[in-house]
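Numbering (our numbering), first residue to last: 8 to 618.
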C-alpha cells in the first residue's frame, strides 16, 4: 500500500515544484530557480505559509510590481535558453491582472513561466470576496480568465487533489520545445489552505530533458535537394537556433558551405558578428548586407523563426523566393507558404551539414556578400562615430559596445532602440544580445536586465532604455539593489516617445502627443532621472556627451551596485543605412496634404506588392 502525506494544496504544490530537475551542461539543477511573490489576501495565508517553509529548496524573491517580477522571470528563462524557469504568485485581483501583459509577452516569445495567481473561493462561501470580478451572466468567471488567451495551458484549481494531474501537464508545456510558453494555474484561495492526503510518490524527483526531434527523411531530402540546386541560398537564423543550442553547428555549416547567415531579433547572436558568412540583422531593422542578400537570394531557409513582419519586411522581402522553414512547431514551419521541415534546429542543421559535406556555394555569391558586408561595416563606422552634436541612439550604442566587452549582455525591449541595436550591436557570443521584440513591451527593460543577471551572474548586463519606457516601469531597479544583482542602465532621454513621433511624421501626421513638448501641458516636466535612480538605491549620474558616457561606463563597471547613466539624445535621428519598408496603414481620409501624400505612397507600395 502506497504511503501518503497530509499537506495543504499550497504545500504540496511548492514541494512538487522543488523536485523538478533539469540537466544543464552536464549538471543537474532544479528546473524552477525560484518563486517571485507579492503577497495579498488571496495568497499570503496559503502560498505564503507554504513558501516560508521551502526557502532552501525553492527560494522566494520579493518584487515591487507584479508585471515587473514576471518580466524578470521571463528574461531569466530566455537567458537560460528555456532550460530553466521561474514561477510567479500573486493575490486575487489587480495583483493577478498586472501579470497578464507579461503572460502575453511570454506567449508571443514562446518562453516558459509559471503563473500562480490567487483566485476566488471555490466554495463560494463568502462571495463576493474582496477584489472579486462578478459576471451576472456567468458565475464561473473570474479575473484570471484574462490569462486564458495568453497562456499555453490554463487550469483553475478548485480541489486540492487536482494538482496531481495539473502540475505534470504544466511541466509538459513548459519543457516542450514546440508547445513552450506560459502556464497559468489559478489557485482558489480557500483551496490553497485545504489539506489532502497526497501519495508520497507524487513528490519523487523527476528529470526533464528537452525533446530533440529529428526531421522527417522526405522533408530533409527536399531541403538538401533545394540547397544543391540553389544559386544563391540564404539562411535566416531565428531564436530556435539559440534555444536548440545549435549555434556551433550553424557556424560550422556556414563556414564549410559558404551559405550566408542573416539573423532575426530573437536569433541575433547565433553567429559571431565577424564570422565570414555573417550578414547581420535582416528585415525592417536589417543591415544593408542582409537585406541585399534576401532580395538577391533564390532560396530562403528559415531556422527557428516565426516570420514576424519585421523579419520579412511585411512579407515583401522574401516574396517570390522559394521558402523552406525548419521549425520544431509545425504551425510555424508552414507560414507564408513555406515548405516545412519539422524538427529540432540542431538536429536538422547537423543532418543538413552531413548531406552537404561535398558542396559549397558559387564563388560569385560568396564574393557578392562579402562586398556588401564591407559596405555595411563602413556605414556602421559612420553611424556610431562620436561627434560634438546631441548624440544619436547609434552613437550611444557604439560607445556602450566599445566599453562592454565580449562577454557582456545588452538588454532592451521597445521604442527605437531595438531597431538600432538589431542593426548596430555586434554580438561576439550567444547570449550577448537580449532584446524582447516579439511583444515589444515598454517597461520590460529594467526587470528583464535583473532576470538576465539572475540567470548568468558572471556576465555584465547593460540595460539600454528610453525615458518613456523607464517611466512606465522602473521599480525592479530597487529589487536589483536589494538582491545584489548589479545591472548597468543607460537611460537615453529624448523627451518622450521619439520612435513613435518619427513614425507619426513618416505617415504624414503632425507631431502630436508623443514628445512631451507636443503633449498637453502647462509646464514641461524637468525629470531628474539620476536623482530618481539614486532614490531607488542605485548609483547614478548624468553625462553630457559620448566622451563623458564612456568615462561613466568605466565608473559603472567598478561600482559594486546597480548603476544608472543618463544621457540626452536627439529624438529625430535614426540610422539611415539598411532597413526595409514596414506596412503601417495610413488614413484614407485626412485634411492634411502630408497624410494624403503618404496614403498615395502607401497605396503604390501595396499595389506594387500584389501577386
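In this text, a Cβ means the ideal position worked out from N, Cα and C, and glycines have one as well.
Practice problem: Return the chain-ordered list of same chain residues with a C-beta closer than 6 Å to the C-beta of residue 67, the five sequence neighbours on each side being excluded. | Solution: 42, 44, 58
Practice problem: Give the straight-line distance between the Cα atoms of residue 164 and residue 174, rounded to the nearest whole angstrom. | Solution: 10 Å
Self-check item: Cβ distance (whole Å) where residue 556 is taken to contact residue 534 below 8 Å
Solution: No, residue 556 and residue 534 are not in contact; Cβ-Cβ is about 19 Å, not under 8 Å.
Exercise. Label residue 147 either buried or exposed according to how many other C-beta atoms from any shown protein chain fall within 10 Å of its C-beta, with 16 as the threshold for buried.
Key: exposed
Quiz prompt | Simplified DSSP state of residue 160, which is helix, strand or coil | solution = strand
Practice problem: Please work out which residues of its chain come closer than 7 Å, Cβ to Cβ, to residue 506, disregarding the five sequence neighbours upstream and downstream, and give them in chain order. | Solution: 422, 423
Practice problem: Under the assumption that residue 272 contacts residue 437 (Cβ atoms under 8 Å), give the Cβ distance between them as a whole number of angstroms. | Solution: Incorrect: roughly 14 Å between the Cβ atoms, too far for contact.
Quiz item: For residue 416, which residues from the same chain have a beta carbon less than 8 Å from its beta carbon, with the 5 sequence-adjacent residues on both sides left out?
Solution: 86, 438, 439, 440, 441, 459, 463, 466, 467, 468, 469
Quiz prompt | DSSP state of residue 434 mapped onto helix, strand, coil | solution = coil
Quiz item: Over what stretch of residues does the beta strand (DSSP E) that includes residue 602 continue unbroken?
Solution: Careful: residue 602 lies outside any beta strand (DSSP E), inside the alpha helix (DSSP H) at 600–615.
Exercise. Output the residue ranges of the beta strand (DSSP E) runs that lie fully inside the segment 207–281 and measure 3 residues or longer, sorted by chain position.
Key: 213–215, 240–244, 268–270
Quiz item: So, using beta-carbon positions, are residue 224 and residue 369 closer together than 9 Å?
Solution: no
Quiz item: Roughly how many angstroms lie between the CA atoms of residue 90 and residue 248, to the nearest whole one?
Solution: 14 Å
Quiz prompt | residue 353 - DSSP class collapsed to helix/strand/coil | solution = helix
Quiz item: If residue 523 sits next to residue 503, beta carbons under 8 Å apart, how far is it from one beta carbon to the other, in whole angstroms?
Solution: 5 Å
Quiz item: With DSSP run on the structure shown, which of helix, strand or coil describes residue 489?
Solution: helix
Practice problem: Starting from the C-beta of residue 580, find all residues in its chain whose C-beta is less than 7 Å away, skip the five residues before and the five after it, and write them out in chain order. | Solution: 399
Quiz prompt | Close Cβ partners of residue 17 (< 6 Å) along its chain, the five nearest in sequence each way excluded | solution = 53, 54, 57, 199
Exercise. Quick one: grab the DSSP three-state call for residue 46.
Key: coil
Quiz item: How would you write the range of the alpha helix (DSSP H) that residue 141 sits in, first residue to last?
Solution: Where residue 141 is concerned, there is no enclosing alpha helix (DSSP H), given that its DSSP letter is neither H nor E.
Quiz prompt | Helix, strand or coil at residue 494 [DSSP, three-state] | solution = coil
Practice problem: State the DSSP-derived secondary structure class of residue 451, mapped to helix, strand or coil. | Solution: helix
Practice problem: Measuring alpha carbon to alpha carbon, tell me which of 384, 310, 350, 563 ends up nearest residue 281. | Solution: 384
Quiz item: Between which two residues does the beta strand (DSSP E) harbouring residue 307 extend?
Solution: 306–310
Quiz prompt | Chain-order list of residues whose beta-carbon lies under 6 Å from that of residue 222 (same chain, five-residue window excluded) | solution = 348, 350, 355
Exercise. Compute the Euclidean distance between the alpha carbons of residue 176 and residue 40, then round it to the nearest angstrom.
Key: 19 Å
Quiz item: Residue range of the beta strand (DSSP E) that residue 323 falls in?
Solution: Careful: residue 323 lies outside any beta strand (DSSP E) and carries neither H nor E.
Exercise. Specify the secondary structure class of residue 620 as computed by DSSP and reduced to three states.
Key: Outside the modelled stretch of the chain, which goes from 8 to 618, sits residue 620, for which no answer is possible.
Quiz prompt | Straight-line gap, residue 143 to residue 278 (C-alpha atoms, nearest Å) | solution = 55 Å
Self-check item: Straight-line gap, residue 230 to residue 260 (C-alpha atoms, nearest Å)
Solution: 14 Å
Quiz item: Among the residues of its own chain, which have a CB less than 7 Å from the CB of residue 508, if the five just before and after it don't count?
Solution: 518, 521, 522, 578
Quiz item: Helix, strand or coil: which one does DSSP assign to residue 188?
Solution: coil
Practice problem: Locate the beta strand (DSSP E) running through residue 15, then write down its first and last residues. | Solution: 11–15
Practice problem: Give the single residue among 138, 196, 205, 374 whose Cα lies nearest to the Cα of residue 284. | Solution: 374
Practice problem: Could you check the C-alpha separation between residue 610 and residue 597 for me, to the nearest Å? | Solution: 15 Å
Quiz item: So, using beta-carbon positions, are residue 99 and residue 27 closer together than 9 Å?
Solution: no
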